[in-house]
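Novice: Each residue of the sequence shown is one higher than the one before, counting from -2 in my numbering.
Sharing a structure below in structure tokens format, with a few things to ask.
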Amino acid sequence: MKVTISDVARQAGVSTATVSHTINNTRYVSGETKEKVYQAIAQLGYTPDASARSFRTGKKRTIGFIVPDISNKFFATMIEAVENQLSARGYHLIIANTKENMEREENSIRLLTAGLVDGLLVASTIDDFDRFDGLIPPGFPVVLVDRIFEEKKYSSICVSNFQPIYRSVCRLAGKGVRRVGIIGGLPRLSTTRERIFAYQQAVADCGLAQEDGLIRYGDSMENSAQHCLDELLEQKCDALIVCQGLMALETISYLGLKNIRLAEDIDLVSFVDYDYDFYDLYSNRMDSIIQPVEELGNAAGEQILRRVEEPDAPVFEKVLTSAYKPCGVSAAQSHSER
């Protein structure tokens, strides 16, 4: 049964008029009352029928950005780039942190699309397009960032890492490496699927060991790499690819604690998401795949403003590319040459 505005009013203990004014920002409503209304909307899963009209006629000049881990500097750097784009056009940014939890993302989408923001950027952790699509009010401006779905209903900005991973495996094979392990993020994510597929294609083409045990998955959150590393070291890997910056930093630290020397005892291919100066310390001992995170944030900010200001513009898809840097070249130099 469809949830109505009356159900929300009852749940929040307010009038339907107050719910309407809260959603459409047509009259002053106290912060405490707004919170009650938004909580009721999230709890009941209410989607206002008037959302599409609201963002056209009563803009808040505010954009929402749903990210999976606000403490991860990859997303923090991206947020800063988005905010710079928005503030230059007189818009504000609201951040929602899902912690890679699908239910938290659902609640955040319901809250933000219920009249809080004019448009939404989403780095989604949801594993099913229909589940995601069912949360978005018809016509509401949405841009997918970093993580995408196969369905092309929404505009998107993402980064392809297929070629850098493929090239890194080929380079390792050329050095005589035979057992390359890889640590990916959550298996349900589009970014993880592309990176694992690139690895699988490369090891097959290069004649390297193809074993399920050489593929491990973290959750892209803090402290998720160590158990993967223990398992891969038991598999006698002579090289590792770590497909996310935070997990790569943990890998460098953990290998150091175990007195495993980079480029001597084991080869490492590390994703570089941020802190280029830090990675420069290890640039002569590992290969790097450098993510264009600021460019990603700038493009996302530009595109969501276009969706808000031109609601009928065609769906837009932009694919950026990361930079592959063999060891011995500074990360800052490689980044500047992109």
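We put the CB at the ideal spot given by N, CA and C, even for glycine.
(1) Looking at the structure shown, is residue 280 part of a helix, part of a strand, or coil, going by DSSP?
(2) Taking Cβ positions, are residue 180 and residue 244 nearer each other than 9 Å?
(3) Quick check on residue 158: does DSSP put it in helix, strand or coil?
(4) Between which residues of its own chain and residue 42 is the CB-CB distance below 7 Å, once the five residues before and five after are set aside?
(5) So is residue 114 buried or exposed if we call it buried at 16+ other beta carbons inside 10 Å?
(6) Just the C-alpha distance for residue 13 and residue 216, rounded to the nearest angstrom, thanks.
(7) Using three-state DSSP, classify residue 287 as helix, strand or coil.
(8) Assign residue 294 to one of three DSSP states: helix, strand, or coil.
(9) Look at residue 264 and residue 322 and say whether their C-beta atoms are less than 9 Å apart.
(10) Within 10 angstroms of the Cβ of residue 112, are there 16 or more other Cβ atoms? Answer buried if so, exposed if not.
(11) So, are the CB atoms of residue 89 and residue 60 less than 9 Å apart?
(12) Check whether the Cβ of residue 172 sits closer than 8 Å to any heavy atom of the ligand FMN, and report yes or no.
(13) Using 8 Å as the threshold, is the segment 283 to 300 in touch with the segment 256 to 271, meaning 3 or more CB pairs across them?
(14) Look up residue 44 in the DSSP assignment and say whether it is helix, strand or coil.
(15) Taking buried to mean at least 16 other C-beta atoms within 10 Å of its own C-beta, is residue 51 buried or exposed?
(16) Return the bridge partner residues of residue 264 from the DSSP annotation.
(17) Would you decide whether residue 163 is buried or exposed? Buried here means 16 or more other CB atoms lie within 10 Å of its CB.
(18) If we ignore side chains and look at the alpha-carbon of each, how far apart do residue 135 and residue 250 end up?
(19) Work out the CA separation of residue 227 and residue 302 for me, nearest whole Å.
(20) Nearest CA to the CA of residue 336: which residue from 319, 91, 282, 266?
(21) Suppose only complete runs of 4+ residues qualify. What are the alpha helix (DSSP H) ranges in the segment 80 to 157, listed by chain order?
(22) What would DSSP say about residue 214, mapped onto helix, strand or coil?
(23) Just mark residue 418 as buried or exposed, buried being the case when its beta carbon has 16 or more other beta carbons within 10 Å.
(24) Within a Cβ cutoff of 7 Å, which residues of the same chain sit near residue 279, ignoring the five residues on either side of it in sequence?
(25) Does DSSP put residue 61 in a helix, a strand or coil?
(26) Cβ of residue 94 less than 9 Å from any chain D Cβ?
(27) Please classify residue 131: is it buried, with 16 or more other beta-carbons within 10 angstroms of its beta-carbon, or exposed?
(28) Let me know if residue 120 comes out buried or exposed under the rule of 16 or more other beta-carbons within 10 Å of its beta-carbon.
Specialist: Based on what the coordinates show:
(1) coil
(2) yes
(3) coil
(4) 0, 107
(5) buried
(6) 42 Å
(7) strand
(8) helix
(9) no
(10) buried
(11) yes
(12) Within the structure as shown, the ligand FMN is missing, as the structure has no ligands at all.
(13) yes
(14) coil
(15) Residue placement at residue 51 cannot be trusted, given a pLDDT of 46 that sits under 50; what the coordinates show is reported in the next sentence. That one is buried.
(16) 236
(17) buried
(18) 47 Å
(19) 45 Å
(20) Because residue 336 is not part of the residues shown, which for the chain are -2 to 335, the question remains open.
(21) 99 to 108, 126 to 130
(22) strand
(23) This structure cannot speak to residue 418, because the chain is shown only from -2 to 335.
(24) 249, 259
(25) strand
(26) Of the chains in the structure shown, none is chain D; there is only one protein chain.
(27) exposed
(28) buried
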